[in-house]
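Since the structure comes first, as structure tokens, the remarks are kept for the end.
Numbering (this note's numbering), first residue to last: 9 to 644.
Written as structure tokens, this is what we have:
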């Protein structure tokens with residue numbers, strides 16, 4: 009019997025056994041049906057009223073001692089969660105990997121009424137014994153889960169809703185779980201996100217504890233997120249081999265060999281020793297992964313023997329967003345200037361036209377939508393717009409595709425102290441408030457979750473911001489810019505993007521041409537080379553060879569190729585042989601390239617359709633980056 013047939017059988021049995029006692033809405037989610045299948049296999053009786061199993065006090069004490077470190081971290085989170093989940097009739101719990109409830113914070117009325125009386129310390133909530141439930145099912149699957157009311161396998165828990173998430177240590181092993189339970193009618197919308205964020209915070213602290221004798225780096229595409237829960241954490245030994253990492257690091261480095269033992273150089277385009285030597289106290293370093301995506305890295309912790317003295321961090325980073333201070337206003341661009349702002353070449357007519365349109369939009373203070381393929385310089389154009397505007401506030405860039413959905417609202421709108429897991433004590437002003445008087449760039453706007461699209465639309469109506477957990481709203485003065493390589497009109501047709509939000513954001517549109525279509529390729533190549541190494545040179549023959557490539561990754565891909573060429577040519581005088589060595593297919597005919605890529609193209613497109621046209625799911629399924637998925641989809 010296949011899994012789908014077994015699911016159907018479990019559902020049919022439940023319908024027959026429960027009668028009217030089914031979850032509202034009919035068919036439960038797949039993860040609940042899968043749990044029902046496991047419960048059915050275990051021979052559990054849907055109508056059983058047997059009391060929950062409870063371990064003896066000596067066994068409970070032993071389990072608490074074994075879980076000492078993670079338990080200490082979990083208790084701190086449970087205490088915080090009691091203030092975040094307002095109202096009565098609730099329980100918060102921490103369980104060990106076998107589902108034994110070790111600790112709880114609860115409202116007495118909840119614990120002494122009805123089926124909730126089973127929720128006591130020492131009770132055993134393994135799915136095979138207690139049926140489908142938050143703690144047991146989260147531990148059985150290794151994933152967060154919400155079990156609402158009649159989704160519980162056992163009838164007697166049908167008036168309870170619970171949401172739980174597993175906790176993993178630095179080596180990926182499940183070491184416990186957190187749960188928040190309430191009566192079905194008292195459940196709160198944000199509870200699941202809060203529990204997941206609490207577990208993420210515990211996992212971060214646990215990784216730092218277990219890797220306390222190792223170098224630990226935080227990485228993220230945006231520097232302002234390095235101190236938040238959305239940053240990836242990577243721990244390395246003295247030889248630069250990967251020892252441990254969190255789930256966010258694996259997501260950010262999708263498509264790379266993120267596994268224990270992988271050398272630093274296989275993940276990033278830099279030698280480990282040189283990178284570590286360049287770390288400095290309280291600062292960040294730009295870093296490119298092996299696929300050419302740009303990241304920012306900072307040292308979270310390091311033992312004295314692992315790093316040079318100058319590289320040792322003296323204090324942890326603040327979790328508050330870091331915004332670029334406002335520079336002095338730039339002079340108005342002229343048509344003859346090839347370097348309009350630092351590192352921005354504009355000898356191409358289409359680029360100059362985009363700059364003219366930007367200048368006009370700034371005079372009207374109108375929202376501006378910047379379009380273009382990945383790596384064409386959309387953020388660079390946005391920074392130029394900020395400088396040209398003369399606004400006195402900060403430039404704040406938010407990557408809508410780099411934040412987990414449950415963190416997005418808090419990062420964008422901020423939160424008051426005690427209302428969010430992370431830098432909880434002092435709260436956060438949020439990205440929008442940080443851009444007050446300046447410029448806010450919503451990069452990868454096509455990845456904005458639908459729920460946040462509605463919130464952003466409300467912001468555009470009155471420009472008032474209210475932080476999570478707060479009661480007062482403040483008005484902000486922000487120049488709004490948005491950028492994307494996604495076809496937003498198509499996204500609207502597929503109901504992935506709101507039409508009314510698109511109309512507001514696209515008051516003025518500009519589109520940057522891809523690198524392969526630019527008439528100033530030689531100037532761009534020399535400018536990018538100068539960013540990598542100031543004294544390096546590029547011959548005309550080398551430029552001619554590079555110009556024959558299609559550059560699907562645009563500036564990012566060009567920078568990666570030039571960096572690899574420089575590593576193979578220490579003197580830095582790059583000629584055609586040097587670039588041919590790292591870009592051998594540049595001169596291949598379009599027909600040859602198409603034949604070589606056709607199989608990969610068809611595989612990506614087929615998987616994209618199978619995954620419900622979700623780029624993120626396709627990326628995870630194939631083990632490649634989202635940028636790579638987009639590159640193939642653009643070829644359709």
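For every residue, glycine included, the Cβ atom is placed at its ideal position computed from N, Cα and C.
Could you tell me whether the Cβ atoms of residue 438 and residue 420 are closer together than 8 Å?
yes
Going by DSSP, name the residue or residues bridged to residue 184.
175
Please name the residue, chosen from 259, 78, 101, 155, that lies closest to residue 177 on a Cα-to-Cα basis.
78
Keeping to the same chain, check which residues put their C-beta closer than 8 Å to that of residue 541; ignore five residues upstream and five downstream.
574, 580
Output yes or no for whether 8 Å exceeds the beta carbon distance between residue 3 and residue 302.
Nothing about residue 3 can be read from this structure; the chain reaches only from 9 to 644.
Measure the alpha-carbon distance for residue 337 versus residue 446 and round it to whole angstroms.
The predicted model places residue 337 with a pLDDT of 37, which falls under 50 and marks its position as unreliable; any figure quoted below should be read in that light. In a straight line, the C-alpha of residue 337 is about 12 Å away from that of residue 446.
Quick check on residue 156: does DSSP put it in helix, strand or coil?
strand
Note down the Cα distance separating residue 161 from residue 152, rounded to an integer number of angstroms.
17 Å
Can you tell me whether DSSP reads residue 247 as helix, strand or coil?
coil
DSSP three-state label for residue 630, please.
helix
Among 184, 182, 204, 165, whose alpha-carbon lies nearest the alpha-carbon of residue 190?
165
Whole alpha helix (DSSP H) runs in the region 569-593 with 4 or more residues, listed along the chain?
584-590
Just list the alpha helix (DSSP H) runs in the region 525-551, keeping only unbroken ones of 4 residues or longer that don't cross its boundaries, in chain order.
529-540
Three-state secondary structure assigned by DSSP to residue 505
coil
Looking only at DSSP bridge pairs, what is residue 200 linked to?
According to DSSP, residue 200 bridges with nothing at all.
Cα-Cα separation between residue 237 and residue 369, rounded to whole angstroms
35 Å
Taking one C-beta from the region 229-246 and one from the region 204-215 each time, how about it: are there three or more such pairs within less than 8 Å?
yes
Grab the span of the beta strand (DSSP E) containing residue 294 for me, first residue to last.
293-296
Own chain residues within Cβ distance below 8 Å of residue 583, not counting five before or after
547, 549, 550
Residue 453 by DSSP, collapsed to three states: which one?
helix
If you run the structure through DSSP and keep just helix, strand and coil, what is residue 125?
helix
Got a sec? Which residues, its chain only, sit under 7 Å from residue 625 by beta carbon, not counting five neighbours each side?
619
When the distance is taken between beta carbons, is residue 100 closer than 8 Å to residue 129?
no
What does the Cβ neighbour count give for residue 372, buried or exposed, with the cut at 16 atoms within 10 Å?
exposed
DSSP state of residue 558, grouped into three classes?
coil
Does residue 228 come out as helix, strand or coil in the three-state DSSP assignment?
strand
For residue 452, the nearest candidate out of 424, 390, 492 (CA to CA):
492
Under the rule that 16 or more other beta-carbon atoms within 10 Å means buried, what is residue 511, buried or exposed?
exposed
For residue 500, the three-state DSSP class (helix, strand or coil):
helix
Assuming the contact rule is C-beta atoms closer than 8 Å, residue 175 and residue 186 should be a hit. Round their C-beta distance to whole Å, please.
7 Å
Below 8 Å between beta carbons: does that hold for residue 284 and residue 223?
yes
Under a three-way DSSP split, which group does residue 58 fall into?
coil
Short check: CB of residue 200 to CB of residue 154, under 8 Å?
yes
Considering only the alpha carbon of each residue, which of 183, 84, 144 lies closest to residue 71?
183
Please go through the region 67-104 and give each complete beta strand (DSSP E) segment of 3 or more residues, from N-terminal end onward.
98-103
Residue 83 to residue 459 span [Cα, whole Å]:
31 Å
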